[in-house]
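**Student:** These protein sequence lines map, in sequence, to chains B and P. By the numbering used here, the letter at position 31 of the first sequence is numbered 31, and the numbering carries on one by one without gaps. By the numbering used here, the letter at position 28 of the second sequence is numbered 128, and the numbering carries on one by one without gaps. Built from N, CA and C at the ideal position, the CB exists for glycine as well. Just so you know, these numbers come straight off a predicted model, no measurement behind them.
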Amino acid sequence: APAEDDDGDDDDDPENRIAKKMLLEEIKANLSSD
Amino acid sequence: RKAGSMSTDNAKLFEEFVDYCTSLTQEHPEVITFLRGRLSKASPTFLSSVEFHNILSRCLTRVQKKRTKVYVYINELCTVLKANSSKRKINLSP
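1. With a CB to CB cut of under 7 Å and the five nearest residues on each side skipped, what residues in its chain are close to P:Lys182?
2. Looking at the strands, I want to know which residues DSSP matches up with P:Ser185.
3. What are the start and end residues of each continuous alpha helix (DSSP H) run of 4 or more residues lying completely inside the stretch 104-183 of chain P, in chain order?
4. Between P:Glu176, P:Pro194, P:Leu192, P:Ser185, which lies nearest to B:Ala19 when the distance is taken from Cα to Cα?
5. For P:Phe134, which option in P:Thr179, P:Pro194, P:Leu192, P:Ser186 has the closest C-alpha, if you only look at C-alpha atoms?
6. Give the straight-line distance between the Cα atoms of P:His128 and P:Leu156, rounded to the nearest whole angstrom.
7. Within the 8 Å Cβ cut-off, does B:Glu25 reach chain P?
8. Output yes or no for whether 8 Å exceeds the beta carbon distance between B:Leu23 and P:Val131.
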């Protein structure tokens, strides 16, 4: 069974989800520009 | 744990913020590495400033109150550090 029920609440917050996506995309972009 | 030119107080606050966020971002540890990278590129003047102290305090208090917004506060800090980067590009004027 998925164990994310307890930990997944950060994804329930739309603002947090957007911030996370932005951060991960920026990290990815930084890595590829190196 | 090198704090560079940061004031002791700000370094302590930053480490406290990072410690707190590390446990909340275990699925993406690269986010903390990225935040530390931004810190290392920030201007020493800014790192020792009251402004940075206030932002750090605010982010730490907020993340402790609302853990579900951890990435929002990390993102906020990254943005602020980027805006105060010592390698900031100079605006080209014609």
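**Tutor:** So, to answer that:
1. Cβ neighbours of P:Lys182 beyond the five flanking positions: Arg138.
2. Per DSSP, P:Ala142.
3. Counting only runs of 4+ residues, the alpha helix (DSSP H) found wholly inside the stretch 104-183 of chain P occupies 108-124, 130-141, 144-147, 150-165, 170-183, in chain order.
4. Nearest option by C-alpha distance: P:Glu176.
5. Looking at the Cα atoms, P:Thr179 is the closest of the given residues.
6. Roughly 21 Å between the two C-alpha positions.
7. No, because no Cβ of chain P sits closer than 8 Å to the Cβ of B:Glu25.
8. Cβ distance < 8 Å, so B:Leu23 and P:Val131 count as in contact.
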